[in-house]
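Participant: Quick mapping for you: the protein sequence lines, in order, are chains A and B. According to this note's numbering, the first sequence is numbered sequentially starting from 142. According to this note's numbering, the second sequence is numbered sequentially starting from 13. All C-beta atoms, glycine included, are put in the ideal place defined by N, C-alpha and C. Take this structure first; my questions come after.
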Amino acid sequence: MDTSEQSVESLAPLESGDLRLGDIPLQQTVELVNIDLPEDQAEPLLERGVLPGCQICPVRSSPSGDPIISVDGSLLALRRETADCLCVRLLTALQDVS
Amino acid sequence: MDELYREGEVAPSNSTPVKDPSHAPVVAMIGPPNSGKTTLFNQLTGLRQKVANYPGVTVEKHVGRAHLPGDQFIDLVDLPGVHGFSARSLDEQITRDVLEGKISGLRAPDALVLTIDSTRLESQLMLVEPVLKLEIPTLLVLNMWDELEERGGYVDDKVLGEQLGVEITRTNARTGLGVQAVQAFLASVSPQQATPPERNLKNVPEGRPLPMMDAFTARRQHVRRIVEAAGFGPPRPSGGSERLDAIALHKLWGPLLFLAVVITVFQSIFTWAVPLMDGVEFLISSSGEWIAATLADSWFRSLLIDGVWAGVGSVIVFLPQILILFLFLGVLEDSGYMARAAVIADRMMYRVGLQGRAFLPLLSGYACAIPAILAARTVDDERDRMATMFITPFMTCSARLPVYALLIAAFIPQRPILGPFLGQQAAVLLGLYGLGIVAAIGTAFVLKRTLLKARPGSFLMELPPYRIPSFRSIMLRLVDRSKIFLRRAGTVIFTVTLVLWVLTQFPRTEVGPPPIDDSALGQMGQVIEPVIEPLGYDWRIGVGLLTSLAAREVIVGTLGTIYGVEDDSEDSIVLQEALQRDLTVGSAIGLLVFFAFALQCMSTVAVMRRETAGWKWPLLQFTYMLTLAYVGAYIAVRIF
Ligand SMILES: Nc1nc2c(ncn2[C@@H]2O[C@H](COP(=O)(O)OP(=O)(O)O)[C@@H](O)[C@H]2O)c(=O)[nH]1
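Written out as structure tokens, the structure is:
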């Protein structure tokens, strides 16, 4: 599903704007809305395709409980502190809106 | 690049007179990590590659000569894998400097080969835009094409190339399929004549009023439109990798597997390497004896055998160990497990202020701090990298083992502690390992709260799919490591042993070299005696400590010489007895503690200077560790 076009227009805060990647259960694909991190910490994410509009799926968690996400066919391991700074929204909710 | 040209002269493939080598075109290979860049580089250059160092900057790059049909040659530079050009990590900085032509001695590249992993086409294509902005002729290599097809993915590469405005080709770097097209591109590169235009690589275009995130989003949408036009169908996720991750990152099995891997690496360094090391030692000593027998007794023979041969030999002995370590690390890295290990280690590392990527350098540190410090380049945060390098020498490297072995055998009685499982000697050895770890953790903890204070950074690790490591690239890497190691033994250690030898030979007496306590070295030992007296050492140990500044294990040989000179015997039992006469148990334990902490390794200091581009960090590290060693030894002497 291509959602990138829509996301740019809808960057304005939604009611689900408080949803963070850290709250998402495993295997639930979500769309990234915003990265709530300073630029120097956001840049590595951006370079790896973790951009507003992209689809993220937490596929498993590491033994210490940090998320491992799938983005654009790559697997990325993050810290939960970082995951808590990624604002996301559910794709099902998105369909309801449109 | 003169080093490279020298190599070019010896390579038989270049024996036909071709163009002046200084005009050989330079082509740089870039791409994200794990895109198969190095595999492709190896396909193109084979054994005609080397690691080159450039003075002034901390650059260690792989440079090789590509073998092209028609007696043409190209100098290929393999740059570190990067995701972007923000110059956050040393690797990104190096890549940027090379592309911008800012490294003295290395011409700006005449062309680029940008390798990407086709299975992750969209995110990897993000690199294309900034690279093309450089206006250097570029070939885009869609590598891992085999995997894309196998997993049911598709893209029309012709359309993709047209839309991006770049020459494009598909390869399987592993089998070499499609590499001819890359060679054809290389053959078409002509060297740029005049000085290249001023280049400036920007991760995000400047002058655009967009904030960074929007600039990336815009680029991303551009890429998406292009891949859609090229009919891109993403591949299925790799099922095998998912199943393996279910174990490797499992709550229980994950950490257990991690432990098993660490223990195996240790085991291999310490037990499997021993017969090989004995073999090397035997070769060195017997060849030394053989050379000695062919030479007349003279100062020259003494210099060659007692100085150079023994000194350089004492370091070369560690080659098998280092090779075994790198064999393991190579397999772990190429198979994809290392990234998982870093993820598992991250929480532990995070507690002391480091990150998961520090795990690899710290593990390597148990063999030798030098490759370990170089491995710290993968740590992407500059402060984390500094802290990692700073504590690496606390890991019990193999050079400490001969010293530990000698002192433990001489002073610690072999009594069982835990029945047949743990003897007193083994317990002391374990304790020394533990001491290093504690010092490392404490130091990192303090450093990250003082000198290297920063907001807790993020940790981001890409987990590549699991792959069966390729024998060829691991072997090439081992050859590479051996070369670096032997070059170091041949330069640093050679010089140091030479100086030491000279210091034992002067001032001359009528009959030849002076007795050791009158020699320049002996006198230096007496000068520092007052300093080490509180620890219970006399000038002999002082001399040993001085020589061990070059490399820790040298103290064993030095003490052998000193006591051997006095007793006319160099038997190690005699040495143990002599030490028992001269040292109390307390001061022996103090000496062990001293060796656990002190940075007695000039090569480490030298490599730190290079990696930190200055003397500040190595000097601080040296002083800090020496102080800790002295205080630690002093406390140990009081306690025991
Ligand atoms: N299937 C497949 N594997 C490849 C290909 N190219 C490289 N590899 C493997 O991918 C892994 C990473 O390759 P490497 O050259 O080390 O990547 P680098 O980090 O970009 O230098 C290694 O295990 C290679 O054997 C390819 O075209 N197809």
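In angstroms, rounded to a whole number, what distance separates the CA positions of B:S202 and B:L341?
Facilitator: Distance between the alpha carbons of B:S202 and B:L341: 38 Å.
Participant: Report the rounded CA-to-CA distance for B:P37 versus B:T57, giving the unit in angstroms.
Facilitator: Approximately 15 Å between the Cα atoms of the pair.
Participant: At the 9 Å Cβ level, is A:E172 part of the contact set with chain B, yes or no?
Facilitator: No - not a single Cβ of chain B is within 9 Å of the one on A:E172.
Participant: Taking 9 Å as the CB-CB cut-off, is A:T223 touching chain B?
Facilitator: So yes, A:T223 belongs to the interface.
Participant: Report yes if the C-beta distance between B:E293 and B:V329 is below 9 Å; otherwise report no.
Facilitator: The answer is yes: Cβ separation under 9 Å.
Participant: Using a cut-off of 9 Å between C-beta atoms, extract the partners of B:I356 located in chain A.
Facilitator: Ordered by position in chain A, the residues that pass the 9 Å Cβ test against B:I356 are S203, P204 and S205.
Participant: Report all residues from its chain with a CB closer than 8 Å to the CB of B:P197; omit the five preceding and five following residues, and keep chain order.
Facilitator: Reading off the sequence, residue 197 of chain B comes out as Phe, not Pro. These residues qualify, in order along the chain: A123, V125, L151, E179 and T181.
Participant: Classify B:A463 as buried or exposed, calling it buried when 16 or more other Cβ atoms lie within 10 Å of its own Cβ.
Facilitator: In the sequence under discussion, the amino acid at residue 463 of chain B is Leu, which differs from the Ala named in the question. With fewer than 16 Cβ atoms within 10 Å of its Cβ, B:L463 is classed as exposed.
Participant: Keeping to the same chain, check which residues put their C-beta closer than 6 Å to that of A:C226; ignore five residues upstream and five downstream.
Facilitator: Only D177 and L178 meet the Cβ criterion.
Participant: What does a CB cutoff of less than 8 Å around B:I281 pick up in its chain, not counting 5 residues either side in sequence?
Facilitator: Counting only Cβ-Cβ distances below 8 Å, and skipping sequence neighbours, we find Q333, I336, L337, Y378, A379 and S410.
Participant: Mind checking whether B:E474 and A:A218 have CB atoms under 9 Å apart?
Facilitator: Contact: yes.
Participant: Just to confirm, does B:S250 get its C-beta within under 8 Å of one of the non-hydrogen atoms of ligand 1?
Facilitator: B:S250 Cβ: outside cutoff for every heavy atom of ligand 1.
Participant: Tell whether a beta-carbon distance below 9 Å holds between B:L472 and A:R189.
Facilitator: A contact, by the Cβ cut-off of 9 Å.
Participant: With 9 Å as the threshold, decide whether the Cβ of B:P221 is near any Cβ in chain A.
Facilitator: Model confidence at B:P221 stands at a pLDDT of 49, short of 50, so the residue's coordinates are unreliable and nothing is read from them.
Participant: Tell me the residue span of the alpha helix (DSSP H) that contains B:A308.
Facilitator: No alpha helix (DSSP H) holds B:A308; DSSP gives it neither H nor E.
Participant: Check distances from the C-beta atoms of the region 166 to 190 of chain A to those of chain B and list, in chain order, the residues that come in under 9 Å.
Facilitator: Taking 9 Å as the Cβ-Cβ cut-off against chain B, the residues of the region 166 to 190 of chain A that qualify are N175, I176, L178, P179, E180, D181, Q182, A183, E184, P185, L186, L187, E188, R189 and G190.
Participant: Is the shortest distance between the beta-carbon of A:G245 and the beta-carbons of chain B less than 9 Å?
Facilitator: There is no way to answer for residue 245 of chain A, as the model of chain A reaches only from 142 to 239.
Participant: Does B:W513 pass the burial test, meaning 16 or more other C-beta atoms within 10 Å, or should it be called exposed?
Facilitator: B:W513 should be labelled buried.
Participant: Hey, could you find the ends of the beta strand (DSSP E) B:Q84 is sitting in?
Facilitator: Run containing B:Q84: Q84 to D90, per the beta strand (DSSP E) assignment.
Participant: Give a yes or no on whether 9 Å exceeds the smallest Cβ distance from B:R18 to chain A.
Facilitator: With a pLDDT of only 32 at B:R18, under the threshold of 50, the placement of this residue in the model should not be trusted; the figure read from the coordinates follows. Not closer than 9 Å to any Cβ of chain A, the Cβ of B:R18 fails to qualify, so no.
Participant: Quick one: is B:G476 near chain A, going by C-beta distance under 9 Å?
Facilitator: The displayed chain sequence assigns Pro, not Gly, to residue 476 of chain B. Chain A, which has a Cβ nearer than 9 Å to the Cβ of B:P476, makes this yes.
Participant: Buried or exposed: where does A:G206 fall if 16 or more other Cβ atoms within 10 Å of its Cβ makes it buried?
Facilitator: Under this definition A:G206 is an exposed residue.
Participant: Starting from the Cα of B:T509, find the closest Cα among B:I567, B:V597, B:E541 and B:A452 and give me that residue.
Facilitator: Selected option, being the one with the closest Cα: B:I567.
Participant: Can you list, in chain order, the residues of its chain with a C-beta nearer than 6 Å to that of B:Y575? Leave out the 5 residues immediately preceding and following it.
Facilitator: Closer than 6 Å at Cβ, skipping near neighbours: L587 and A590.
Participant: Which full runs of the alpha helix (DSSP H) of 4+ residues lie inside the region 592 to 647 of chain B, going along the chain?
Facilitator: Listed in chain order, the complete alpha helix (DSSP H) runs (minimum 4 residues) inside the region 592 to 647 of chain B are 597 to 609 and 614 to 624.
Participant: Cutting at 7 Å between CB atoms, please list the residues of its own chain near B:S599, excluding the five before and the five after it.
Facilitator: Answer for B:S599: L547, G548, Y549 and V649, listed in chain order.
Participant: Buried or exposed for B:V617, going by 16 or more other Cβ atoms inside 10 Å?
Facilitator: Classification of B:V617: buried, given that the 10 Å Cβ count is 16 or more.
Participant: Between A:C195 and chain B, is any beta-carbon pair separated by less than 9 Å?
Facilitator: Output row for A:C195: interface = yes.
Participant: Count the other C-beta atoms from every protein chain shown that fall within 10 angstroms of the C-beta of A:I209, then say buried if there are 16 or more, exposed otherwise.
Facilitator: A:I209 is buried by the Cβ-count criterion.
Participant: At the level of alpha carbons, what is the spacing between B:P121 and B:G190?
Facilitator: Approximately 23 Å, taken between the alpha carbons.
Participant: Cα separation between B:R552 and B:G602?
Facilitator: Roughly 16 Å separates the two Cα atoms.
Participant: Please indicate yes or no: does the CB of B:P247 lie closer than 8 Å to some heavy atom of ligand 1?
Facilitator: No, the Cβ of B:P247 stays beyond 8 Å of every heavy atom of ligand 1.
Participant: Looking only at C-alpha atoms, which of B:K170, B:M620, B:W627 and B:L595 sits nearest to B:G243?
Facilitator: Of the listed residues, the one whose Cα sits closest to B:G243 is B:K170.
Participant: Taking C-alpha atoms, which residue in A:C228, A:A224, A:R230 and A:L216 lies nearest to B:L261?
Facilitator: Residue A:L216 is the option with its Cα nearest to B:L261.
Participant: Taking B:T50 as the reference, which of B:D346, B:Q136 and B:R132 has the closest Cα?
Facilitator: Measuring from the Cα of B:T50, the nearest candidate turns out to be B:D346.
Participant: Which residue wins for smallest C-alpha separation from B:M156, given the options B:S47, B:M407 and B:R231?
Facilitator: Ranking the options by Cα distance to B:M156, first place goes to B:S47.
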